[in-house]
Each structure stands twice: as C-alpha cells, then as structure tokens.
Amino acid sequence: MSYRKPGSSLIYVAILIFTVSLTCPIKVDSKQVSKRNVFSTKETVLDMALSSYDDQYKGCSDVMEAEIPKLFQLEYSINREFAESWDKATYEWEDRKRHIRVPRGFKNEYAIALFAYTINGPLHKSFNEAVREAGRSREYYLKNFNFKVLHYYLTKALQELDAVETPACHRVFRGTRGVRFKSDTRKPIRFGQFTSSSVSDESALLFGEDTFFNIETCYGVKIRNFSFFPGEEEVLIPPFETFKVTQFTKEKEKNIIKLQSVEKSSFFNCEFVKGAQGQLVISLTPNWSLIFQGESITMTCNGASITQEYVCGNYWCQTMNTISDLKFRDSDDHAVSLTFTPRIEAGWIPDVPFTMEGRSSRGRSCQSGDYSLSPVIQLAEWNYLILQVPHSVYEGDSVSLRCHCYPGYSARGTIFYKDNEVDFFNWIEVSTIDMELLVKLKREYKVDRKSSKCHKCQLLDRPRVALLDGTDPWLRLIFRQYELFTYPEVSYQPNPVTKSDNVTLTCDTALSPNRADMELQFAFFRNWQNVQEFGSSNKYQLWAFQLEDTGDFNCEVQTATDSVRKKSRIRRIQIQELFSFPQIKVNSQEVTEGAEMTLTCDTISQYLTNLLTVNTRRKAYNLLFAFYSNENMVQEFSSSNKYQVQSTQLEDSGNYTCEVRTSNYNVKKRSRILYVQIIKLFSYPEIYYMPYPVKEGTEMTLTCDTALSPHRADTELQFAFYRNGQIVQELNSSNKYQIRSIQLEDAGDFTCEVETATNSVRKKSRMMYIQIQELFSSPKMEVSPQEVTEGVEMTLTCDILQYPTILLIAFYRDGEMVKGFNSSNKYQIQSAQLENSGNYTCEVRTSNHNVKKRSRVLCIQIQGDLAR
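Mapped onto mature numbering (1 follows the signal peptide of the UniProt record, and there is no 0), the consecutive letters of the sequence shown carry residue numbers -30 to -1, 1 to 838.
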C-alpha cells in the first residue's frame, strides 16, 4: 500500500519486504496470522493452515528426483522413525507388488512411502506434526523439516494415482477423538497435512466421534492397495486441497462438518531445489533506495557466469554487453511494463524472465522471475532534501544514512534525528552538500517493525536555522537484508562409516554472489567440544574411525572479522550398525489350532544396502537367531531365522519375540513383541443324553456336540465315548452313542472325545454322571406260613414295590422253573411234601423282556408231620 501525504512530492512504491510511510510511527497491520498445530487443542478452528508446508513440486520433478538419493541418505541416517518405517514398508511392498497394478511411471519409492505412512507406528503422527509447522518459512523448511523425502514421495504418489483414478471425486468420512473442530462457513479451509479418511462411515467412526467430517474430495486418492490396513478403505487427502464448509452442526457430544472440494492451493513450490535451479541477485550502485530524478543508478544481475546490464528508458529496453547505467527520466504518467527473456548462452540459466515495470513514470521496478525480489527505486520529484537509506544490506554490514540535497545547494550544518531526538549533529565552516550517519547493525540483523527507528535530517545555513528540512519522509530503519552466507551443513564421507574408515567431514555453506570474495573461516566440534580451531579449511579429518569416535558433530562458520557467525545442525556420526533391530512375522494372520505355524525373524543389514536379502546378510555376518514365547526360549540360537510349530495348539498362543546376535556375541538385538492368537479349530465338546430322565429298559442316546471354526468348516472329525474311563464306543464319524435297553448297571460317568482325522487336535468333554431311574424294585420272596409242615398249604409271594407297567412273574426251586411267567405274584402248593423243600426264587420281567429282575434265594425246609 502507498499513499501521498498532503504537501509531499515523493512517490513510494511498496514491495513485500520494504514498506515506506510518510508519517511516523508507521502503522502496521495488527492482524496476525495464527500459526498453530491444528491438532494441539481440545477445541480448534479450521482455517487455511498457513504454517503448513504444501509444496506440489510443479515443474521441478526432474530436479527433485536427481536430488532425492543424497537427501534420502541424510534423512535415513538422522531420522530413526523414518528409517524403521521405510524398512518395514519396503518388505511389505516386495511381498505385494506382483499382485498390484500401478500406473506407468509409478516408482517403487512412491508405493513404499504410502506403506510407510500407513504403518501402525509413530511415523504418521510425527510426520504430520512436522508438515503442519514446516511452512513457517522457506528457511524453517530447509533447516528443520526432516521429512522432505517422505513429503515428496507421498505427494508424487498421490499425483500419479490421481491422474488415472476414476471417479475424479470421492465421498469420504473422517472421525476424530479428543479434538472438536469449529469452522466458519464463509471461509475456505485446508487440513494442512496428509489426512486419512475412509469411504466407509462406519470405519471412520472407529477413530472417534468428537468431530465427524463428511467430505467430498477431488484430489484425495484411494490407497487401499498400498496400505497395511486395506480393510479401512482409506482415501488420503493432500495438504494443499482447499475445501468449502457447506454445513456445520454443533451437537451436545460432537461437531459435524460437511466439506466440498474447491481447488488446490499452495504457498510453496519447489523450495528445496530453488538454489539448484539458479539464484539471481540484483545489486544497485550506488546502493540507495531513494534518489533524485535525473540521477543515474546501475543495476547488476549477479548469480550467472556472465554479468549483463540492462539499460532501460521510458518505453524501451535493450541488452548490453558492457556495464551501463539504468537511467530514470521524467516522462508522461503512463504505466510501462516490458518483459523479455535473455538469449540462452553458455553458463546462463535458461528462460529466466526479466521485467521492467512502472507504476507511474516516476517509479520503475526490475524483476528476475520467481527467484529474486525486484529492487524498487523511489524517485524524488520536487523535494530538495532527502534522507537516503541503503536499498539492501548484508549480515554484519555497517549501514550509512545519508542526508542528501539536490545538486546546487550547500549548507554548513547537518542534523540527524531519531524518533524526534537529535541523534547526530555536525557543524563546519565550509560548504557541505551531504553528511552521513554510520549505524552499526547487530550481527545477523533481523527486521523488526516494532523496534525499528524513525529518522529524518536537516541542513543548516546557520546554527538553529534550517536551510532545508528533510521531514518528508520520515523513514523507519528497515532495510532489504540479504544473507551473507547460508547456514552451514556438515556432511561426511564415506557414508555409512565402518570400523577403521578414514572419515572426512565437510562444512558446506554458500556465499552470496555479491560477496563471493568474502573470506570465511571454519571450525569443527564433537559433542560440543572444539576439535579443530577456526581456519580457512572447511574440512576435518578423522583417521581410522573407531567406536569411541562416535559422537554429535557440527561446524561453525564466521567471517574473518567475526562480524557474522553461524553454526550447523548436529550430525550424528557412528559406526554403521551390522543389522537392524529384527522384526518378527507370522506366516498367517489367522493361525488355526492343528495347522502349521511359521515365525520368521527378519533383519536388515544397512552396511551393504538397505534392501539386502536375509540369506546374503547371514553369509556376510554369520547371524544367529533364537525365538521366545512368553519369555521362554522355544528355539535356541541357530543359523535359521525361522521357527516352526507343526501342529499348533491353543496353548501355543502368546507373546513371541526373536533375538539376533553375531556368532561372536558382540552384537545382540531383540524384536518387539508379536502376540499370536491361535484360533480354535473346534470348540471343546459337550455331552448330553436323551431322554431325560432315563428309565431302565428304555433306549438312551448320548450326543457329543462341538462347533467347527468357520475358516475350517470342512474339517473331518471323529468321536469316541467313555463310561467310567473305559471306552464304550471307538472313534468313528458318528457323534452319537446308543444303548438299546439300558439297565441300572449302565449308570456312571460318561465323557466323549473329539479329534481330527490326522489326530492333530484332540479334545475331551467334561464328565457327566447319568443316573438310571429304576422301573420297578427288585422282587422279594415271602412264604406263608413261615414254618411249613408236611401236608399243609404253602403260599410263596413275589413282592414288588412299584408297578409302572405290566409285569410277568415266574417262580424257581433249585434253579428249575416251577411256575411259568404270568401276571400272578403267588405260587401255591396245596399239600406241601418233604420233596418240596429247596431254594426258591422269583423272577419279574416286563412284557417286552427289556427289564428282568430276580429275587434273593429263600430256603424253605418242609418239616415232617410228628403226628404220624
């Protein structure tokens, strides 16, 4: 924004980083952009997530692909979460890729990045937290964002899949727990991260109901084939997709938000490779941002191998091969805009447009494409005294403010004011056209609008009498500041480091092209202790690297005058681990009892390459593997990385781990716990019988009941029955056992047993006691009279306590039947004789012969007649 103060004859052109006002203090916009973590509070407002890093990498994919391998090695070595997840994702992709069709040009790394993102671990949370903050600035992204590789590969994966996916848009759902989002339906929003959603509202609800999103996404992509959890039917939404809030409903227990896709919106593009594509820096000579009309200024474009000058008049511009002036002349008030592209020559960056642009005839602006902000020159038309400040300064520079009058004026004194207070006064007896005030900037000076000072100057004809008053303009001490040199980065070779390697550390930085001849000094530190003092060499040598040399290394760069000093980030250098922490896997996600189970202990040797096979690693390092179940060793150390259970049982369920060590015991690592649940092949059998109650003489059927697992419903089972521990029916395919006519002696403890045809699984039921209900009591013999004398009538009675059915009764003497079966329970002898003496019994049976009982023996002795 620019405006003219009444009575002023200066025109100001505003740009992004240099703002000039004609009143003091300058009013700055009080609205502040909120940079916040959109998932950090209980109640959060959805917005455009301005601090998110949202690069779409338009036009720089080829350059990024060239830079990624080196960047991958760096991030893999310093970011353990990324490294571990990448390794696991690599294994998963190797297992699955032959079953998945991918678009042409879709690289393995794109798929691995998607698998790594969906892995059940901390990576996706740490990654998205970093994504939401990495957009604070380009400098913050370059120095603090350690997920550049993952961000690039995920973005490319979604772009490649989105190009071939149909339909173009999806209706998806997302549930959150612990955070209630609010939104303004009038404002667009972005999630500002890679956001997981599902085509299934039921799946989305499993992740929470505090806020429930109903989303139409046109740039989200289905990643089911590239997910560790394909059942979630995930659609991944990129951070740069913008949505319109079509509905916001606040209920007692949750918020419901409906979103509709609008467009892709990014504030960053190709930030990592901008330096690689070429940075052009424009400098001005003299370095003033305010000059009088008619004065000349030279603009130089630095950063290419050849420096060319562009001489521009009112409506024309031509390329010169020699240094020339950029002259501004007075002309009619017409807007001028001329854009051209220099001819491609050796050493030049191709197709970099330069723009000569004028807001009015008094102001001109020169730009160099997207890679450098244009210098803006302010022209004073009718003023005779101006306060000049540098257009641009570098870190550590001393800055001069110049009280400059129009040619032809002279004075004997100069006063500089700062915030209406005299800051510098000089009085001499000779003519003075210009005076300068030297201001020493602090090291690594940063623009701060709140603390910057307002300056003005006066030229005096005699003490306290102003000849010219430079009250227009008041200027804040705000400069366009350039970085003298970039923050250093420490690198090392070889990478990775193995024992006894000679390691060379390099402290890399880049001077500004305008200060390319500046002398820099370098120092190195290990664990915050200086190991090489400041000197001109940017390298530090470690001979025969040993384990004790492991440490946190960084370097520091300073100017020879120590006016600017910068430190690199810490870089951990250590001997490369022989193998990664092992990962234990089971051959099937569902192991049924009786089936074979194979556990595999996988590890990765990063020494050779990140993708070596297990067999190669074992050869190289002679690794030994052991397996544990519930902390008990189940397979001792051996060269096999597999543990097999031929026929699993339910008791094989438990927490499994594996351990890997070298044969010399120097290195030993254990995997995380893997819980294995053995699924029942069939339930424990239950025995039951019919009818109930069981009465003697009736038919009884016992059934052995069990249920097969749905996964193995075709398994053949066999059944056996036991009474009092003795087998009564051998194994066969029938689950029933029948007793045609059960007797009292058949009562007892019954069990059944079920087993597979291969005898891999066997289960026995609980014991069941079966009581046989008596149909009638055992008969009892009685004789009348009790003492039988020869010649008298003797009656034998067969007594029974209960008669539930028709019974037939027979009588026996000395085992010989004397009366056949009939319904009478009496046997009479009209005149007992001595030969009728003997052992008598009676037998009772049912009409169908199912139940038969005999009385105890009754001994009857016929006594002789004494009267004879």
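By construction, the Cβ of each residue, glycine as well, lies at the ideal position given by its N, Cα and C atoms.
Residue i - partner residues in DSSP beta bridges
i           : result
I554        : C571
A493        : E526
A780        : E813
W258        : P360
M764        : I799
N602        : S599
S653        : According to DSSP, which records beta bridges pairwise, S653 is partnered with nothing at all.
V15         : K152
K789        : F781
C628        : F597
residue 842 : Lying outside -30 to 838, the shown extent of the chain, residue 842 is not represented and no answer is given.
R206        : A small fix is needed here, since residue 206 is Leu in this sequence, not Arg. Per DSSP, S166, V191.
R640        : E629
I159        : F213
Residue i burial status per 10 Å Cβ neighbour count (16 or more: buried)
i           : result
N90         : exposed
residue 890 : A question about residue 890 goes unanswered here, because the residues of the chain that appear run from -30 up to 838.
Y645        : exposed
F199        : exposed
H819        : exposed
P377        : exposed
T671        : exposed
S641        : buried
N257        : buried
D835        : exposed
K638        : exposed
H69         : exposed
A727        : exposed
Extent of the continuous alpha helix (DSSP H) run through residue i
i    : result
N592 : It is not in any alpha helix (DSSP H) - N592 carries neither H nor E in the DSSP assignment.
Y462 : Not the alpha helix (DSSP H): Y462 falls in the beta strand (DSSP E), residues 459 to 463.
R66  : 50 to 66
T125 : 118 to 134
S173 : 171 to 175
Y111 : 108 to 114
Residue span of the beta strand (DSSP E) that contains residue i, given as start and end
i    : result
H94  : No beta strand (DSSP E) contains H94, which is instead part of the alpha helix (DSSP H) from 93 to 103.
E79  : First-last for E79: 78 to 88, but that is the alpha helix (DSSP H), not the beta strand (DSSP E).
N225 : 225 to 234
Y510 : 509 to 512
K536 : 535 to 537
S368 : 368 to 375
K222 : Note, K222: premise wrong, no beta strand (DSSP E); not H, not E.
N702 : 696 to 702
R141 : 140 to 146
D478 : 473 to 478
I740 : 738 to 740
Q499 : 499 to 505
Nearest neighbour of residue i, chosen from the options [CA to CA]
i    : options                : result
V753 : C768, E786, L804, Y387 : C768
I770 : F791, S817, T468, M751 : M751
S653 : A596, S735, R631       : S735
I830 : T685, T759, G521       : T759
D65  : Q129, F85, A565        : F85
F182 : E223, Y626, S236, K157 : E223
T618 : E606, E669, K650, E563 : E563
Y707 : E365, N484, I657       : I657
K555 : E629, T88, K244        : E629
S141 : G178, Y111, E186, G105 : In the sequence on display, residue 141 carries Arg and not Ser. Per the Cα distances, E186.
N795 : I779, G808, H94        : I779
S231 : P73, A138, K244        : A138
Q699 : R682, T673, A677, V473 : T673
L804 : V788, V762, S825       : V762
Contact with chain D by residue i, beta-carbon distance below 8 Å
i   : result
F52 : In the structure shown, chain D does not exist; there is a single protein chain.
(message) Quick test of the definition: if touching needs 3 or more C-beta pairs under 8 Å, does the region 741 to 752 touch the region 661 to 678?
(response) yes
(request) Check whether the region 162 to 176 touches the region 18 to 28, counting contact only when three or more Cβ pairs, one atom from each stretch, lie closer than 8 Å. (result) yes
(request) May I ask you to verify whether the region 167 to 185 touches the region 91 to 103, counting CB pairs closer than 8 Å and requiring at least 3? (result) no
(message) With three or more C-beta pairs closer than 8 Å as the rule, is the region 141 to 157 touching the region 37 to 55?
(response) no
(message) So, does the region 210 to 226 touch the region 72 to 81, judging by three or more C-beta pairs under 8 Å?
(response) no
(message) Taking contact to mean 3 or more Cβ pairs, one atom from each stretch, closer than 8 Å, check whether the region 491 to 500 and the region 513 to 528 are in contact.
(response) yes
(message) Using 8 Å as the cut-off, can you tell me whether the region 595 to 615 makes contact with the region 558 to 574, which would need three or more C-beta pairs spanning the two stretches below that distance?
(response) yes
(message) For the structure I just gave you, are there three or more beta carbon pairs, one from the region 452 to 464 and one from the region 531 to 546, closer than 8 Å?
(response) yes
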